[in-house]
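Quick mapping for you: the protein sequence lines, in order, are chains Y and P.
Numbered according to my numbering, the first sequence terminates at residue 457, and the numbering increases by one at each position without gaps.
Numbered according to my numbering, the second sequence terminates at residue 457, and the numbering increases by one at each position without gaps.
Beta carbons are placed, not taken as given, at the ideal position from N, Cα and C, and that holds for glycine.
Computed from a predicted structure; not experimentally measured.
Report on one structure; see the data block that follows.
Number of protein chains: 2
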Amino acid sequence: MLLLADVPCSAAGVFTTNRMPSAPVLVDRRHLRATGGVARAIVCNSGNANASTGKPGERDAQAMCRLVASHVGGEARQVLVSSTGIIGRPLPMDKISRGIATLASKLARGRQADADAARAIMTTDLVPKSAHRAIRLGGVPVQLAGICKGSGMIAPNMATMLAFLSTDAAITPAMLQAALGDAAGAFNRISVDQHTSPSDTVLVLASGLAGNRTIRAKGKDWETFRAALADLCADLAYQIVKDGEGATRVFRVRVLGARSRDDADRIGRAIVDSPLVKCAVHGGDPNWGRITTAAGYSGAAIKPECMSLRIGEVCVFDRGRPVTATLENRRTAKKLHRLMRATEVTFTLDIGMGRASSEWLGCDLSRQYVAINADYTT
Amino acid sequence: MLLLADVPCSAAGVFTTNRMPSAPVLVDRRHLRATGGVARAIVCNSGNANASTGKPGERDAQAMCRLVASHVGGEARQVLVSSTGIIGRPLPMDKISRGIATLASKLARGRQADADAARAIMTTDLVPKSAHRAIRLGGVPVQLAGICKGSGMIAPNMATMLAFLSTDAAITPAMLQAALGDAAGAFNRISVDQHTSPSDTVLVLASGLAGNRTIRAKGKDWETFRAALADLCADLAYQIVKDGEGATRVFRVRVLGARSRDDADRIGRAIVDSPLVKCAVHGGDPNWGRITTAAGYSGAAIKPECMSLRIGEVCVFDRGRPVTATLENRRTAKKLHRLMRATEVTFTLDIGMGRASSEWLGCDLSRQYVAINADYTT
Chain Y
80 MLLLADVPCS AAGVFTTNRM PSAPVLVDRR HLRATGGVAR AIVCNSGNAN ASTGKPGERD
140 AQAMCRLVAS HVGGEARQVL VSSTGIIGRP LPMDKISRGI ATLASKLARG RQADADAARA
200 IMTTDLVPKS AHRAIRLGGV PVQLAGICKG SGMIAPNMAT MLAFLSTDAA ITPAMLQAAL
260 GDAAGAFNRI SVDQHTSPSD TVLVLASGLA GNRTIRAKGK DWETFRAALA DLCADLAYQI
320 VKDGEGATRV FRVRVLGARS RDDADRIGRA IVDSPLVKCA VHGGDPNWGR ITTAAGYSGA
380 AIKPECMSLR IGEVCVFDRG RPVTATLENR RTAKKLHRLM RATEVTFTLD IGMGRASSEW
440 LGCDLSRQYV AINADYTT
Chain P
80 MLLLADVPCS AAGVFTTNRM PSAPVLVDRR HLRATGGVAR AIVCNSGNAN ASTGKPGERD
140 AQAMCRLVAS HVGGEARQVL VSSTGIIGRP LPMDKISRGI ATLASKLARG RQADADAARA
200 IMTTDLVPKS AHRAIRLGGV PVQLAGICKG SGMIAPNMAT MLAFLSTDAA ITPAMLQAAL
260 GDAAGAFNRI SVDQHTSPSD TVLVLASGLA GNRTIRAKGK DWETFRAALA DLCADLAYQI
320 VKDGEGATRV FRVRVLGARS RDDADRIGRA IVDSPLVKCA VHGGDPNWGR ITTAAGYSGA
380 AIKPECMSLR IGEVCVFDRG RPVTATLENR RTAKKLHRLM RATEVTFTLD IGMGRASSEW
440 LGCDLSRQYV AINADYTT
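Structure, rendered in C-alpha cells:
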C-alpha cells in the first residue's frame, strides 16, 4: 500500500508501547523527529512484520523509504513505513522493491483506489476497514478519512493494528500530534487478545489543502478537529473488534464511579481481557461473577459493598449483593439470556467510589480463535 | 470434605489477592487472627463458591464452622472453611448441614480416606491431586502431605485453586506462616487462564505429633521444613497446570538475567498468560516471536539487543537477532517442531540485563477450554 499526498503534510503518529518495537516503528519515530512532523507518503507491506530483526531490519525499513522517494520524488525522511505479518524473518527486499515500483506507477485517486488501499493492508482481516468524517472549520469544509487493519492472523503473529488517517485540514504538526494523542486513545481501549503487537501504529497526514485558517493552538477549531478525529478513530476501533479473530460478538464495558481514570482503565482492561468473560459472552451466558471478580483482580481500588453491575439495563449485582429476585425470576432470567445472546451486549459496572469512567470494547473467545492461532502453523 | 486433626494445630494460610474475596476467605482470615494461628479442622464444599454473596454469605460460612465444632467438639473459630463453585448464589445450607453431619459420622484415617478427601474437593478436575514428603528434623521423622484442586469448571466459575496441607511437625504458628508464605509462591507462578479466583486458598495444619523439637525460629530445621513444604507445593502446582481446563501440554518459562525478581515475574506472567503463546504451544508451533513480544509488553525493563531465547536447548533468538541459520536449516527446524510437540516444552528467555530469575508454568489454550467455559451455561 502506498499513500501519497499532493503536498508535504503535517504528520503525527502514535506507536506501540511494546519494548520490542518493530524496525518500521523505530524508523517512523526517527523520521517524524528529524522532519519536525512533516511527511508526504506512507508505505506498508503485509505478510512480514520486520520485527525482532535487529539492525538489518532497520536498514530494510529505511531502504523502503528511499525506494518510495526515488519513485515519487522528495526526501526519504518524509516517507513513513509500516509492516505487518510474521515476526523474526528478514524482509524479502526483492519482492518489496518490485512492489513499490509497481505501486508508484499505478497511483490513483477516488473510491476504488481508497478501497484497494484498505484491502492491501489486510492480513486475515475478513473485511476491509475505513471511515470518513466531514466537518467545517471557520466555515470551510474539511474532510477526514482513515483506513485500518487489525486482529487477523493467517500466518501466525500477524497481530498488528495499523491505522492510516488523512485530512485536508490545515494544522501544525504539534497541534496534529496533540489531537492524535487524544483521539488514538480509542485504539487503546479495545482488546482482542491482549497481546500488544510490536508494530501497532497510527499515522495521520494533514495536507492543508482544505484552505481553513491553519490551526496553531488549542481553540474552537482544534476542538472541532480533535472531536472529529476521535470519532473517526472510535469508528475504526469498533471495526477492528468486530472483525476480531474468530469473534462472533462484541461487548462493551462501561466502568463508572471509579476512583481515578487509571483505575477505570485497569478495571475495563481486566474485564475485556479475561478469557472467562470472553467465553461467557461466546456462550451467551449471563455469568456475571466473572465480571465482578475480574474487577477484583484488576489492581484497582474497589469495595464489594459499593459495586453494582448491570447487563444491558438489568441490574444483577447491587452494592455487593446478587439481585436474587431478578436472577431467580423466570422472566428476567430469560431476558438476561436474550441480552447475552445479542450481537452486542453492554456491561455497566458502577464501582461506587468516585467519578472516573472509561469505556472498553472486547470480543468473545471462540474455538475459531484457537483454530486460527494454533492450527495454521508456520 | 472434612479434615480433622487429632489435636489443635499450628495453622497458617495464604489467600487470594482478589479484592472481591469470598466469604470463606474472610472468615478464615478472621479465625486465624482470633486464634493466633490455631486450628483443628478444615471443611470444604464444592459446587458453590459462596462468593459475591454479601453479609448473608459470611453468616453461612460461619455457620459451617459452628456446625463442624458442634459435631467434633472444640471451638468454631478453630475450624477453617473453603467453598468452590459458582459465584453469586446463596449456599444451600440444608444440604451443607446434612453433609457435615454425615462426614462427622464417617471420619476415617488411611490411604482410602485421603483419596476420598482429594476427590471430594474436585469440581471439573479430571484427576484428584495429592502429594507427600518425608523429612527428618533433628533426627525425628516428619511427614508433610497435601491435597489440592484447581482449574476445572463444569458449572462456569469454578475457577478456584484450593490446597490443604498437613504435617505432624512441631512448629509455631508464626514460623509455619513464614514457611507457607514462601512455599505457596509456587501456586502464584502458574496460570491456566489468568483469572484470579476470589476463593484461592492454601491452608496448612501442623499437629506437632512427630515429636521433633518445636521450630521456634528460622534455623536449620526451619529451612529443611520450608524446603520440603515448597517442594510439596511445587508438586501440587504442577498437577494443577497439567490438569488445566482443556490442557494438552504444559510449558515451562525460565526467565533469566532480569533486572529484578519483580521484572522476571512480570515477564514470566506475560508469557504464560498470552493467548497467542498458549495457542502456539497448542499447535506445536515454534512461533517464538510471540514469546519475545510478550516480554516486550510485560512492563519489565528489556532491551531487544540484550535478549536471547532458547526452545529446549535450541537458541532461536540471540541478543536481538533471529538465529536465521537454525530457523532455515531443515534439520534444526524439524527438531524445533519436535520439541514443541512434546508433552512438556521449556522456553528459556535470557533478558541479559541483570541476575534475577523466575520460573513459571503454563498450559496450552485449546478448543476444549472454550467448550468448557462457553457451552455449559448456567
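Secondary structure remark: continuous alpha helix (DSSP H) runs of at least 4 residues inside the segment 183-232 of chain P, in chain order: 190-199. Neighbourhood of residue 401(P) in chain Y, by CB distance below 9 Å: 131, 132, 133, 166, 167, 168, 169, in chain order. Put simply, the backbone Cα of residue 426(Y) is about 12 Å away from that of residue 368(Y). In the three-state reduction of the DSSP assignment, residue 165(P) falls in the strand class, which pools E and B. A check of alpha carbon separations from residue 364(Y) across 452(P), 387(P), 157(P), 250(P) identifies 452(P) as the nearest. When the beta-carbon positions are compared, residue 221(P) and residue 289(P) come within less than 8 Å of each other. Taking 4 residues as the shortest admissible run, the segment 385-436 of chain Y contains the following complete alpha helix (DSSP H) segments, listed from N- to C-terminal end: 403-407, 409-419.
Chain-order list of chain P residues neighbouring residue 109(Y): empty, with the shortest C-beta distance near 16 Å, by a criterion of under 7 Å.
Under the Cβ criterion of 8 Å, residue 385(P) is not counted among the residues facing chain Y. The beta-carbon of residue 367(Y) is placed less than 8 Å from the nearest beta-carbon of chain P.
Residue ranges of uninterrupted beta strand (DSSP E) with 3 or more members, entirely inside the segment 271-331 of chain P and ordered along the chain, are 280-285.
Residue 157(Y) places its beta carbon less than 8 Å from that of residue 119(Y). Rounded to the nearest whole angstrom, the CA to CA distance from residue 142(Y) to residue 127(Y) is 15 Å. In the structure shown, residue 366(P) adopts coil according to DSSP, grouped into three states. Note on the segment 128-178 of chain Y: whole beta strand (DSSP E) runs with a minimum of 3 residues are 158-165, in chain order.
Chain Y places a beta carbon closer than 8 Å to that of residue 453(P), counting this residue as a contact. At least 8 Å separates the CB of residue 220(P) from every CB of chain Y. Residue 285(Y) places its beta carbon less than 8 Å from that of residue 255(Y). DSSP places residue 255(P) in the uninterrupted alpha helix (DSSP H) bounded by 252-262. The beta carbon of residue 371(Y) sits closer than 7 Å to the beta carbons of 386, 388, 396 from its chain, once the five residues preceding and following it are set aside; these are given in chain order. Neighbours of residue 87(P) across chain Y, judged by C-beta separation under 8 Å, do not exist; the nearest C-beta is about 32 Å away. In this structure residue 244(P) touches residue 225(P) by the C-beta definition: roughly 4 Å separates them, less than 8 Å. For the options 175(Y), 265(Y), 294(Y), the alpha carbon positioned closest to that of residue 281(Y) is the one of 265(Y). Counting the other Cβ atoms within 10 Å of the Cβ of residue 172(Y) gives fewer than 16, which makes it exposed. Bridge partners of residue 124(P) according to DSSP: 162(P). Residue burial annotation: residue 168(P) is buried, with at least 16 other C-beta atoms found within 10 angstroms of its C-beta. Our two residues, residue 291(P) and residue 242(P), have alpha carbons roughly 25 Å apart in a direct line. Secondary structure at residue 341(P): helix, using DSSP grouped into helix, strand and coil. Against chain P, a Cβ distance below 7 Å from residue 449(Y) picks out 358, 361, 444, 445, 446, 449. Assignment of residue 352(P) by DSSP, reduced to helix, strand and coil, places it in the helix class. The segment 435-446 of chain Y and the segment 326-341 of chain Y touch, with no fewer than 3 CB-CB distances between them shorter than 8 Å. Secondary structure at residue 91(Y): strand, using DSSP grouped into helix, strand and coil. Taking a C-beta cut-off of 7 Å against chain Y, none of the residues of the segment 411-441 of chain P qualify. Straight through space, the alpha carbons of residue 270(P) and residue 441(P) are spaced by roughly 5 Å. Within its own chain, the residues whose Cβ lies closer than 7 Å to the Cβ of residue 444(P), once the five positions on either side in sequence are excluded, are 354, 357, 358, 361, listed in chain order. The alpha carbon of residue 376(P) has as its nearest neighbour, out of 344(Y), 333(Y), 213(Y), 99(Y), the alpha carbon of 99(Y).
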